[in-house]
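Data first, discussion second: the structure below is written as structure tokens.
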Amino acid sequence: MTLDELKLYTVRVMDGSGCLFQPIIAENSYMYILTAKHLFEGVKQDKDGNDIKFVTQDGTEISIMRQVNVDGHWQEQIIPFVLTKGQTYFPHKEADAAILKIDSLQGFDKIISIEIPNKIDTYSLYGFPNQMRGNAIGNKDTDYKIRDLGLPATGLKNAQLINDTLNKLQIEGMSGGGILSIQGENIYIIGIQSEMKHANWANGKICFVPMKYFSEIINYEENNGLLTPLHPTYLGKFDFLQDIAFTLEVDFIDENKIEDTRTYLRNKAFEVINSGLTPISIKKLFNYKLLIDEDEFSCLDTINIWIGWLEFLTIFNIVKDENLDEKLLLEIFDCVRLKYTHVEDCTTLFKDKLSKSDYTGLKKGNTVVINSKNAPKKPFKFANGIPRNITKVQDVRGFRTDFGIDPFQSFNFVHLDYYKTECIINKLEEYEHLDEAQLLTKLKQEYHELFN
């Protein structure tokens, strides 16, 4: 994800800003603009400085503009929008949050809503300050980097921008702008800008509405069936991931040897897709048990963990040849547990992270399969425990296992990529001329140890 790609997610909403968000929708027929409620209703001052209440009436056409890049040149494009409460406009009952429902635009599935982390110094406020309206197209928006969180306020979080001299005039127009961070191929959003901390002495202090208030809007009884949760698109169905599972990367010279096997595995993945299991249903079943380190909770919505699950379930389907459902998945999870980590080097987990993970329900001799953002240079497999020269002595009081079980000495540990590299890529010549029946037999043979 680049800064230019992120610019596409930021829109101007009247005299404020907003952030495009694509939730889970099977037919992909609509999406959201997340913004500030006070752009449409609240209190404003008349010419004499008196406070007056205002509400934008149903049927009002609202000016919304987005930026598009055509052949390297930025252009402005209008998003048609007519405000109708309960149809296109969904405000929070108390917080300064509103969801605008618009026709779907393609290519906005990289944004992920998460809870506010302890440190937000990788986040910035993105929007369209009024003082930049006269700039050339493509340079009317900006970002202000955040230094740290301030004390919370009612319905709001306070944050200090790195530039602590920014005043109201320099930030006006940013209301409704996203608090965003680029992380890999995704954008994380933790809230929407609401107001300055103080109108006259801002000193780079802003208030923003956390994402939980947008979820509350969706959960209002009167909005039932009108809005879908703030999950990224691929959590709704595995078929969004079918073409990026089992990449089985090899040098160009070996492509002919691997192509049929890759196609066959993706065909088998299609059977998992048709089983009815989805990332969101698996997430509900196991929640934090899906992770090695529960502090990496934001990873539950990242794409890597679910690519791994699609591959894992496909391997199971090949070995067992059984119809998948939630009941069977619960049985699998207590025999072979797939756990994810987002660290740069997953071999560092052997120091202490693996010992603190949740293994309750696993018996001695069961298997822990590790999926990670980055595969190790040499995918590992340890049968009947991890060698003592890799792990130090662990404090057994920190184990979360069935009574008396030392995870390092009781479980098999294997990296998910082991079943790609050792079972397929390192044996390419054995796969080169196999038909479908022979491929199935070969893969069953190679994968057999995973579930036995």
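Numbered by our numbering, the letters in the sequence shown go through residues 9 to 460 in order. For every residue, glycine included, the Cβ atom is placed at its ideal position computed from N, Cα and C.
#1: Is it buried or exposed for alanine 105, if we count other Cβ within 10 angstroms and need 16 for buried?
#2: Identify, in the order they occur along the chain, each residue of the same chain with its Cβ nearer than 6 Å to the Cβ of methionine 140, setting aside the five sequence neighbours on each side.
#3: Leucine 188 lies in the beta strand (DSSP E); which residues open and close that run?
#4: Just tell me which of Ser71, Ile281, Asp66 and Lys55 has its CA closest to the CA of serine 25.
#5: Kindly give me the distance between the Cβ atoms of isoleucine 124 and isoleucine 197, rounded to whole angstroms, as I take these residues to be in contact under 8 Å.
#6: Taking glutamate 463 as the reference, give the member of Asp353, Phe48, Ser189 and Lys118 with the closest Cα.
#7: Counting beta carbon pairs with one atom in the region 265-283 and one in the region 218-231, are three or more of them shorter than 8 Å?
#8: DSSP three-state label for glycine 158, please.
#9: To the nearest angstrom, how far is it from the Cα of threonine 162 to the Cα of asparagine 231?
#10: Can you list, in chain order, the residues of its chain with a C-beta nearer than 8 Å to that of glycine 80? Leave out the 5 residues immediately preceding and following it.
#11: Would you give the residue range spanned by the alpha helix (DSSP H) that isoleucine 313 belongs to?
#12: Please name the residue, chosen from His100, Lys297, Gly192 and Phe388, that lies closest to aspartate 342 on a Cα-to-Cα basis.
#13: When you compare the CB positions of valine 256 and isoleucine 433, do they come within less than 8 Å of one another, or not?
#14: Rounded to whole angstroms, what's the CA-CA distance from serine 365 to lysine 347? Just pull it up for me.
#15: Would you list the one or two residues that DSSP bridges to phenylalanine 89?
#16: Please look up how many angstroms separate the CB atoms of isoleucine 214 and leucine 177, rounded, as I've assumed it's under 8 Å.
#17: Nearest to aspartate 23 by alpha carbon, out of Asp156, Gly369, Gln65 and Gly135?
#18: I'd like the span of the alpha helix (DSSP H) that includes tyrosine 40, first residue to last.
#19: What separation, rounded to the nearest whole angstrom, lies between the Cα atoms of alanine 144 and threonine 18?
#20: Go ahead and pull the three-state DSSP assignment for threonine 429.
#21: Compute the Euclidean distance between the alpha carbons of isoleucine 119 and serine 283, then round it to the nearest angstrom.
#22: Beta strand (DSSP E) containing leucine 28: first to last residue?
#23: Along the alpha helix (DSSP H) that carries tyrosine 272, what are the first and last residues, could you check?
#24: For the region 330-375, which segments carrying the alpha helix (DSSP H) assignment without a break, of at least 4 residues, lie completely within its bounds, in sequence order?
#25: Would you kindly check if the distance between the Cβ of serine 202 and the Cβ of alanine 44 is under 8 Å?
#26: Just to confirm my understanding: we take threonine 173, look at its own chain, exclude 5 residues before and 5 after, and list those with CB closer than 8 Å. What are they?
#27: For threonine 409, which residues of its own chain have a beta-carbon under 6 Å away from its beta-carbon, when the five flanking residues on both sides are left out?
#28: Roughly how far, in whole angstroms, is the beta-carbon of leucine 11 from the beta-carbon of glycine 186, given that I think they are within contact range, below 8 Å?
#29: Figure out for me which residue from Phe248, Ile313 and Lys389 has the closest Cα to the Cα of tyrosine 427.
#30: Go through its chain and collect everything with a Cβ distance to glutamine 446's Cβ below 7 Å, but skip five positions before and after it.
Taking the structure as given:
#1: buried
#2: Lys148
#3: 186-191
#4: Ser71
#5: That belief does not hold up - the Cβ atoms of isoleucine 124 and isoleucine 197 are roughly 11 Å apart, past 8 Å.
#6: With the chain running from 9 to 460 in the structure shown, residue 463 is simply not present.
#7: Touching, no, given that fewer than three Cβ pairs across the two stretches are closer than 8 Å.
#8: coil
#9: 24 Å
#10: none
#11: 311-328
#12: Lys297
#13: Reading off the sequence, residue 256 comes out as leucine, not valine. In this structure, isoleucine 433 lies closer than 8 Å to leucine 256 by Cβ.
#14: Serine 365 and lysine 347 have their C-alpha atoms spaced approximately 9 Å apart.
#15: Its beta-bridge partners do not exist; DSSP assigns none.
#16: The Cβ separation is near 14 Å, so there is no contact.
#17: Gly135
#18: Here tyrosine 40 belongs to no alpha helix (DSSP H); instead the beta strand (DSSP E) covers 38-43.
#19: 16 Å
#20: helix
#21: Pairing isoleucine 119 with serine 283, the inter-Cα distance amounts to about 27 Å.
#22: Residues 24-29.
#23: 263-281
#24: 334-341
#25: Contact annotation: alanine 44 and serine 202 have beta-carbon atoms nearer than 8 Å.
#26: So the qualifying residues of the chain are Asn211 and Gly212.
#27: Tyr367 and Pro415
#28: Between glycine 186 and leucine 11 the Cβ distance is about 13 Å, and since that is not below 8 Å, they are no contact.
#29: Lys389
#30: none
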